[in-house]
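A.B. asks:
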Amino acid sequence: KKSLDECAQADSKVVSWDLIQELKGNRFDEIDIIQPGIVAIEIALGQLWKSKGIQPDIVVGHSMGEVAAAYLADMISIDDAALIICTRSSLMKQNSGKGAMAVTDLTLEEAKQKIAGQEAHLSVAVQNSPNSTVIAGDPTRLQELLDQLDTEGRFCRMIKVDVASHSPQMDNLLEPLKDALQKINPQNSSTVFYSTALREKAKGSDLNPEYWVKNLRNPVQFGAVIQDIAQKEQVVFIELTPHPVLSN
């Protein structure tokens with residue numbers, strides 16, 4: 645509760661609505677509400693583990709989850725975390741209704757082959773695992789692809805969002821996002837931050853406004869980063885999220 649209150653106070657400096665009240669409400673289909681809400685819950689869960697003496701050696705974030713990861717690694721302040729996620733999601737709301745995202749059982753290479761020639765309209769947005777790939781972009785073209793995959797007997801399903809994160813549809817938001825984040829002050833930390841936007845380690849000082857532009861636009865290389873860590877480190881993974889969507 646204390647962590648959620650701290651997130652709510654930080655968010656109130658950026659947005660007009662109240663985080664605690666919205667977590668009790670039903671506006672979870674609005675991207676500018678749900679994204680700050682998810683990040684706040686991730687932060688609160690992380691702080692709960694820390695209160696029990698469990699300190700992370702490595703953090704990994706999935707898209708918006710990189711905001712929570714950076715905060716839990718002591719690389720950004722709670723005010724910076726609020727500014728990043730509230731600004732990011734508010735800008736994304738401008739594109740609501742224009743995009744779509746779908747999860748498939750395609751490998752990364754298969755997904756690239758399926759959208760070949762349509763890269764201006766469809767993108768491989770997320771690679772969650774070797775056989776779990778998210779494609780984002782124009783709703784009509786994406787539905788046509790899903791119809792094709794369905795006839796081939798492949799798993800595919802629309803995600804309940806109306807924006808196409810990590811696709812060309814985000815390009816008009818990148819400069820406004822960068823400009824809005826000029827006052828953030830990231831710091832280095834002893835905790836290791838594995839970037840899923842870059843598929844490499846990043847220092848706290850690397851998490852500047854340009855980084856958060858890449859976080860929104862670049863494909864999320866979550867599966868590859870998890871594999872990299874598993875091969876290099878002796879590690880126990882703990883997923884911090886309101887729903888264990890990546891557990892399987």
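Residue 729 in the working numbering sits at position 85 of the sequence shown, and the numbers go up by one each step. For glycine and all other residues, C-beta sits at the position ideal for the given N, C-alpha and C.
Assuming Ser839 and Ser707 are in contact, meaning their beta carbons sit under 8 Å apart, how far apart are those beta carbons, in whole angstroms?
C.D. replies: Incorrect: roughly 12 Å between the Cβ atoms, too far for contact.
A.B. asks: Could you check whether the Cβ of Leu648 sits closer than 8 Å to any Cβ belonging to chain D?
C.D. replies: Judged by its chain identifiers, the structure shown contains no chain D, having just a single protein chain.
A.B. asks: Alpha carbon to alpha carbon, how far is Val880 from Asn892? Give it in angstroms, no decimals.
C.D. replies: Its pLDDT being 41, under 50, Asn892 is placed unreliably in this model, and the coordinates cannot settle the point.
A.B. asks: Take Ala960 and list the residues in its own chain whose beta-carbon comes closer than 7 Å to its own, dropping the five residues that flank it on each side.
C.D. replies: Here the chain comprises residues numbered 645 to 892, so residue 960 is not present and cannot be evaluated.
A.B. asks: Rounded to a whole number of angstroms, what is the C-alpha to C-alpha distance between Ile803 and Arg732?
C.D. replies: Approximately 19 Å, taken between the alpha carbons.
A.B. asks: Three-state secondary structure (DSSP) at Asn852?
C.D. replies: It is coil, neither helix nor strand.
A.B. asks: Going by DSSP, what residues sit across from Tyr715 in a beta bridge?
C.D. replies: Partner(s): none; Tyr715 has no beta bridge.
A.B. asks: Could you give the first and the last residue of the continuous alpha helix (DSSP H) run that contains Gly669?
C.D. replies: Where Gly669 is concerned, there is no enclosing alpha helix (DSSP H), given that its DSSP letter is neither H nor E.
A.B. asks: What is the DSSP secondary structure of Lys696, counted as helix, strand or coil?
C.D. replies: Lys696 falls in the coil class under three-state DSSP.
A.B. asks: Measuring CA to CA, which of Lys756, Glu763, Pro783 is closest to Ser776?
C.D. replies: The shortest Cα separation from Ser776 among Lys756, Glu763, Pro783 belongs to Lys756.
A.B. asks: Where DSSP assigns a beta bridge to Ser776, which residues make up the other side?
C.D. replies: Ser776 is bridged to Ser773.
A.B. asks: With a threshold of 16 other CB atoms inside 10 Å of the CB of Leu901, please say whether the residue is buried or exposed.
C.D. replies: With the chain running from 645 to 892 in the structure shown, residue 901 is simply not present.
A.B. asks: What did DSSP end up calling Leu842 once you bin it into helix, strand or coil?
C.D. replies: Three-state DSSP puts Leu842 in coil, outside helix and strand.
A.B. asks: Here's the rule: buried if 16 or more other CB atoms are within 10 angstroms of the residue's CB, otherwise exposed. What is Ala764?
C.D. replies: Ala764 comes out exposed.
A.B. asks: For Lys737, which residues of its own chain have a beta-carbon under 6 Å away from its beta-carbon, when the five flanking residues on both sides are left out?
C.D. replies: So the qualifying residues of the chain are Ile675, Asp676.
A.B. asks: Can you give the Cα-Cα distance for Ile687 and Ile759, rounded to whole angstroms?
C.D. replies: Each residue's Cα considered, the two are about 36 Å apart.
A.B. asks: For the beta strand (DSSP E) holding Thr748, just list the boundary residues, first then last.
C.D. replies: Element bounds for Thr748: 744-748.
A.B. asks: So if DSSP puts Val703 in a beta bridge, which residue, or which two residues, is it bridged to?
C.D. replies: Phe837, per the DSSP bridge assignment.
A.B. asks: I think Asp662 touches Ala652, with their Cβ atoms under 8 Å apart; what is that distance to the nearest whole Å?
C.D. replies: 6 Å between Cβ atoms; contact.
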